[in-house]
Amino acid sequence: MPLATLPAATSGDRTGTARHYLMCRPEFFAVTYAINPWMDPDQGADTAQAVRQWEELRAAYERLGHKVSLIDPVDGLPDMVFAANGALVVDGRVYGAKFTHAERTAEGPAYLRWFADRSFETMEPTHTNEGEGDFLTLDDVVLAGTGFRTDVAAHVEAQEFVGRPVVTLRLIDPRFYHLDTALFPLDGHNVAYYPGAFSEGSRNVLRRMFPDAVIATEEDAAVLGLNAVSDGANVVINAEATGLSRELERLGYNVVRVELSELRKAGGGPKCCTLEIREATGA
């Protein structure tokens, strides 16, 4: 059954579709190690504030008509809140994550087990990948990042499993260590992205594939403004990405600004907290 059209929370002529998201409450969130340039264990993070901000994000999705399911957090896995990294889900098939850093290794099996327990078709990966952190799904293609966290071999493995074309994009700036920190799908056929995060060849690919893309400035990218979630009409975005927000509004999107300053201390924003569950076609 096709997903329902969102009710009143749309803007202009754009129409969003109700989505199903998996999230993980950051009960054990902390910054106790550094595996990306955003993390500073000396600065740490306020767990209670992170939970409050996360709850606002969850509430924003529910106000927009989206369904939110929850996976139980695991003590000792402070980054498990970043659910997007846990898997790639396309047409009811779940390609699991195999994390680069030992600190996050146990997250992959935890997420895959959640899906297996609910009768999804799952695949334990052979190659290193970090789920929707580096796999972003449009209507006819999956964009896949590499350079820091996900092996190109995982792109091939994912393509074989989910049965959709996978296009490799190389990231070159360590601040944008996952594809979802430098690009997000606006809808099923267009994207917003920051060119400076990508290699020259990948920039050329993006220009060819998405001639009407929204181009973000470094200023907005540097506050993780591209770690956003769009349903085709409504864009949930970090509040500090003011220029990008204004441009999206000019184009007719309903922009929902959220404050995730605590989670950004670990390199996360709205998309990092959000794994989309794409059910099997016709299910």
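So the working numbering is basically just the index in the sequence shown, starting at one, shifted up by 428. Note that beta-carbon positions come from the ideal geometry of N, C-alpha and C, so glycine has one too.
Can you look up residue i in the DSSP assignment and give me helix, strand or coil?
i	result
ILE705	coil
GLY514	helix
SER658	strand
THR609	helix
ARG546	coil
ARG577	coil
ARG480	helix
TYR621	strand
ALA694	coil
MET467	coil
PHE589	helix
PRO454	coil
ALA534	coil
ASP507	helix
TYR539	helix
ALA488	helix
ASP615	coil
LEU634	helix
Going by beta carbon distance, what residues of the same chain come within less than 8 Å of residue i, once the five residues before and after it are set aside?
i	result
GLU646	TYR622 and GLY624
GLN643	A small correction: the amino acid at residue 643 is Ile; Gln does not occupy that position in the sequence shown. The answer, listed in chain order, is ALA620, TYR621, TYR622 and PRO623.
THR433	Its pLDDT being 34, under 50, THR433 is placed unreliably in this model, and the value from its coordinates should be taken loosely. Answer for THR433: THR443, GLY444, THR445 and ALA446, listed in chain order.
GLY629	ARG598
VAL633	VAL595 and LEU597
HIS494	ALA446, ARG447, HIS448, TYR449 and ASP659
PHE590	The sequence shown places Val at residue 590, not Phe. Within the same chain, VAL590 has close Cβ partners LEU516, VAL518, ASP519, ARG521, TYR523 and VAL570.
For residue i, which residues of its own chain have a beta-carbon under 6 Å away from its beta-carbon, when the five flanking residues on both sides are left out?
i	result
ASP615	GLY660
ALA530	none
PRO430	Because PRO430 carries a pLDDT of 33, less than 50, the predicted location of this residue cannot be relied on, and the following value inherits that uncertainty. No residues qualify anywhere along the chain.
PHE543	VAL522 and THR550
ASN464	TYR605 and GLY695
ASP579	HIS555 and THR556
PRO602	PRO465
ALA649	TYR622
Can you list, in chain order, the residues of its chain with a C-beta nearer than 7 Å to that of residue i? Leave out the 5 residues immediately preceding and following it.
i	result
PHE563	LEU516, VAL570, ALA572 and ALA586
THR702	TYR449, MET451, ALA511, ALA512 and VAL657
LEU640	According to the sequence provided, residue 640 is Asp. The question's Leu does not apply to it. Counting only Cβ-Cβ distances below 7 Å, and skipping sequence neighbours, we find ASN618.
ASP503	PHE456
PRO638	According to the sequence as given, residue 638 is Phe; it is not Pro. ASN618 and VAL619.
SER673	ILE665, VAL683 and ARG685
LYS699	ALA512, ASP608, PHE612, ASN655, ALA656 and VAL657
PHE548	GLY520 and VAL522
So residue i and residue j are supposed to be a Cβ contact under 8 Å. How far apart are they, rounded?
i	j	result
SER658	PHE626	Contact flag wrong, Cβ pair sits at about 20 Å.
ARG521	GLU704	Between GLU704 and ARG521 the Cβ distance is about 13 Å, and since that is not below 8 Å, they are no contact.
VAL713	PRO469	In the structure as shown, the chain begins at 429 and stops at 711. Residue 713 is therefore absent and cannot be evaluated.
VAL686	LEU485	5 Å
ASN666	GLY696	Their Cβ separation, rounded to whole angstroms, is 10 Å, which puts ASN666 and GLY696 out of contact at 8 Å.
TYR681	VAL663	5 Å
LEU654	THR609	6 Å
ARG577	THR528	5 Å
In the DSSP assignment, what are the bridge partners of residue i?
i	result
ILE600	Partner(s): none; ILE600 has no beta bridge.
LEU571	LEU564 and VAL595
HIS448	LYS495
ASN666	VAL686
ASN557	LYS526
ARG678	DSSP output for ARG678 lists no bridge partner at all.
MET551	TYR523
PHE626	LEU599
GLU642	The identity of residue 642 in the sequence shown is Val, whereas the question assumes Glu. VAL642 pairs with ALA620.
Strictly under 8 Å for the Cβ-Cβ distance: is residue i near chain B by that measure?
i	result
GLU687	You won't find chain B in this structure, because it holds only one protein chain.
Decide yes or no for the touch test of the region 486-496 against the region 543-560: beta carbon pairs closer than 8 Å, at least 3 of them.
The region 486-496 is not in contact with the region 543-560.
Spell out a yes or no on whether the region 494-505 and the region 536-556 are touching, meaning 3 or more CB-CB pairs, one atom from each, closer than 8 Å.
The region 494-505 is in contact with the region 536-556.
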